[in-house]
Amino acid sequence: MRIKGIIIIFIICIGSSITSIMKNENLKDNDSKISLIQNQNDFILNSEIFIEINDDQDFIDLAFDGSGTEENPYLIKDLIITSNYDIAISIANTTKYFKIQNCTITTANLGIRIVDISPSTAIIYNNKLSDNSEYSIWLTNALGSEIINNTCTLCNRYGIWIEHCDDSIINGNNVTNGGYRFSGHGVWAFISYVVEDNFVNGKPLGYFKQQDNITIDDDTYGQLHFIACNNLTVRNQILEDTTMGIVVYHSPLAQLYNNTCNNNGWGINIATESPYSIIENNTCSNNYYFGIGMNYVSSNTTIRNNTIEGNLDRGIGLTRISHTDVYNNTIKNNLVGIKLSISSYNSIFSNNIESNTEYGIYLRTDSNLNEIYHNILINNNLLGQSQAYDECFSNKWYEETLNQGNYWSDWTGTGIYEIDGITNAFDPCPTFPYSDFPECSYSPTTPTASSPPPTLKLLGFTIGMFSISIIILFISFVKMKRK
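Counting from 1, position 161 in the sequence shown corresponds to residue 390 in our numbering; the numbering is continuous, with no gaps.
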C-alpha cells in the first residue's frame with residue numbers, strides 16, 4: 230500500500246506540472262490578443278454617467294418623450310452636458326427605438342456610448358460633441374444604426390468609432406482633431422457600412438470599398454480607408470491629427486509612397502489579406518500607437534526608406550506576417566523599434582534603429598526563421614542589457630553568405646553580441662556602427678529549423694522522466710513482492 234501511495238502522489242505531481250506548463254503556454258499564445266483588447270478599450274470607465282439606460286424600462290423611468298416604436302422613438306434631445314462626466318450618455322441592452330438629437334456634450338471622457346442594442350433602433354443626429362478625451366461617439370453591436378450630421382471637435386484621439394455595427398449609415402459627420410474608426414466581423418461588415426459625405430479636419434473622409442486600380446496623388450483627404458480594393462496607389466497625402474492615417478483592409482497590391490502620417494492613433498495600418506504591398510518613403514511619426522502596423526496574413530510586402538520616429542508604442546509592428554522585407558528605414562525614439570509577433574520568414578536588414586526606449590528589435594511569440602542583419606542599432610534599451618530581444622527559434626542575427634551580422638553601439642569589441650530572451654540568441658558576427666565587419670567564420674550547429682520551443686522540450690522531458698520513474702517504481706514493487 231505504501232508503494233501504491235507513492236505512485237499515486239507522484240502521478241498527481243507530474244500531472245499538475247504538465248497542466249501548469251500547458252496553462253502557461255496558453256497564456257503565452259493569448260498574450261497578443263489580450264494586448265490588442267487592452268489597446269482598444271484602455272478608456273474603460275468606472276465612475277459617473279450623466280444618463281445611463283441599461284434596459285427598456287429605463288426609458289420610461291427617465292420619462293423621455295416617445296413610445297419606443299419606429300414611428301415614435303424615445304427622444305433624448307436638446308440637452309447641454311458640460312460637466313466632467315466619464316460618459317455623458319450610455320445606452321445598452323435595449324430593444325426599443327430611440328433618437329439622440331441636438332445635444333451639446335463637452336468635457337466628458339466619452340460622449341455617447343451605444344452597446345448591444347436591437348438592430349436598426351438607434352439614430353444619433355445633429356449633436357455637437359467637443360473636448361471628449363477618448364471617444365465622442367462609440368457604437369458596438371448596434372446593427373443598422375444611423376449616425377448623421379454630428380460635429381465632433383477636439384476629440385484627442387477618436388471622433389467616431391463604429392464597431393460590429395453592420396449595415397449602419399455614417400453620413401454628413403464632421404470630426405476635427407480626431408477621426409473615424411471602423412471594426413467588424415470580416416470584410417463584409419466593412420462593405421455593409423454606408424459612409425458618405427463625412428469630413429476629417431476639414432478634408433473629406435475617403436472610404437473606398439470594392440474598387441480596383443485606384444490612384445490618389447494629390448493632398449485631398451483627411452483620412453483614408455480602403456476595403457476590398459485591388460491595386461491601389463496613394464501618394465503625397467498629409468494625414469495628421471486623426472485616428473488612423475491610412476487603413477488598407479483586405480486589399481492586395483497597395484502601394485503607399487511619400488505620405489505623411491503624423492500625430493494620429495496609428496500612422497499606416499495594413500490588415501487582413503492585403504499581400505504584395507509596398508510602403509515606401511513615408512513619414513510616420515508621433516503617433517499614439519504604431520507608426521506602421523501590419524497584421525493578419527498580409528504577406529510578401531516591402532517596407533523601405535520610411536522615417537518612423539517618436540511613436541508611443543512601436544515604430545513598425547508586424548503580427549502574423551510572413552515573407553516581408555523591412556529595410557533602409559530610419560526608426561528612432563519610439564517605445565520599441567521593430568516588433569514581430571507570430572511572424573516568420575521575414576528579412577529585417579539595413580535599418581537605422583536608434584534611441585528607442587525599449588528594444589530596437591523585438592521578436593516574440595513564434596516569430597521564427599527570420600533573418601536580421603546589417604542593421605545599425607545605437608543606444609536602444611539603455612536601461613537593459615541588450616538592444617534586442619528574441620524568445621523564438623531559428624532566427625538568424627547575421628547574413629549567412631557573408632558571415633556579417635549587425636552594428637551594435639554597445640558591443641564589447643570581441644566575441645558575439647548577446648540577445649536578450651529565453652532562447653539565448655546572439656549575433657555571431659557583430660561590429661560597431663559604421664565600421665567594417667571583422668572576419669567571422671561562424672558555422673552554426675544549433676538551433677535548427679526543427680528545434681522545438683522550450684515549452685515542448687520541457688513537456689517532453691517531464692513525460693520522459695515520468696515514464697522512467699514509473700518503470701523504476703514498478704521494478705521496485707515487483708522486487709518487494711518477491712521478498
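Every residue gets a Cβ at the ideal spot worked out from N, C-alpha and C, and that includes glycine. Fair warning: this is a prediction, and the values are worked out from it, not measured in the lab.
Asked	Found
Cutoff 7 Å; reference residue 459; Cβ partners in own chain excluding five residues on either side	441, 480, 481, 482
Residue 533 to residue 410 span [Cα, whole Å]	26 Å
As assigned by DSSP and simplified to three states, the class of residue 289	helix
For residue 317, three-class secondary structure by DSSP	strand
Expected contact under 8 Å - CB spacing of residue 599 and residue 577 to nearest Å	7 Å
Nearest-angstrom Cβ-Cβ length linking residue 507 and residue 520, presumed shorter than 8 Å	Wrong, their Cβ atoms sit about 16 Å apart, outside the cutoff.
DSSP-derived helix/strand/coil call for residue 638	coil
Rounded separation between residue 512 and residue 323 - CA only	45 Å
Secondary structure, beta strand (DSSP E): runs of 3+ residues fully inside the stretch 465 to 522	473 to 478, 483 to 486, 495 to 500, 507 to 509
Residue closest to residue 517, alpha-carbon to alpha-carbon, out of 608, 385, 448, 357	385
CB-CB length for residue 596 against residue 649, believed under 8 Å	That belief does not hold up - the Cβ atoms of residue 596 and residue 649 are roughly 14 Å apart, past 8 Å.
At least three beta-carbon pairs within less than 8 Å, the stretch 484 to 499 to the stretch 417 to 435	no
Beta-carbon contacts of residue 619 that lie in its chain and below 7 Å, excluding the five residues immediately before and after	592, 648, 650, 652, 654
Beta-ladder partner(s) of residue 561, from DSSP	538, 583
Simplified DSSP assignment, three categories, for residue 651	coil
Endpoints, the alpha helix (DSSP H) within which residue 417 is located	416 to 421
Cβ neighbours of residue 679 in the same chain (closer than 6 Å, five flanking residues each side left out)	A caution first: residue 679 carries a pLDDT of 34, below 50, which makes its placement in the model too unreliable to give a value.
Helix, strand or coil at residue 613 [DSSP, three-state]	coil
According to DSSP, residues forming a beta bridge with residue 624	Partner(s): none; residue 624 has no beta bridge.
Completely contained beta strand (DSSP E) runs for the stretch 350 to 416, where each covers 3 or more residues	351 to 354, 357 to 359, 364 to 369, 375 to 377, 380 to 382, 389 to 392, 398 to 400, 409 to 412
Range covered by the beta strand (DSSP E) that runs through residue 545	543 to 548
CA-to-CA distance, residue 467 to residue 589, given in whole angstroms	27 Å
Own chain partners of residue 365 with C-beta closer than 6 Å, once the 5 adjacent residues on each side are dropped	340, 358, 381, 384, 388
Beta-carbon proximity check, residue 549 vs residue 526, cutoff 7 Å	yes
Within-7 Å CB hit, residue 613 to chain D	Of the chains in the structure shown, none is chain D; there is only one protein chain.
Contact the stretch 302 to 321 vs the stretch 335 to 352: 3+ CB pairs below 8 Å	yes
Beta carbon of residue 491 nearer than 7 Å to that of residue 514	yes
Residues bridged to residue 428 (per DSSP)	403, 433
Residues bridged to residue 463 (per DSSP)	445, 485
Start-to-end residues for the beta strand (DSSP E) that takes in residue 455	452 to 456
DSSP bridge partner residues for residue 555 (one or two, in chain order)	532, 577
Euclidean distance between Cα positions of residue 284 and residue 290	10 Å
Element boundaries [beta strand (DSSP E), containing residue 592]	590 to 593
Bridge partner(s) assigned by DSSP for residue 306	330
Residue 556 versus 563, 567, 562, residue with shortest Cα-Cα distance	567
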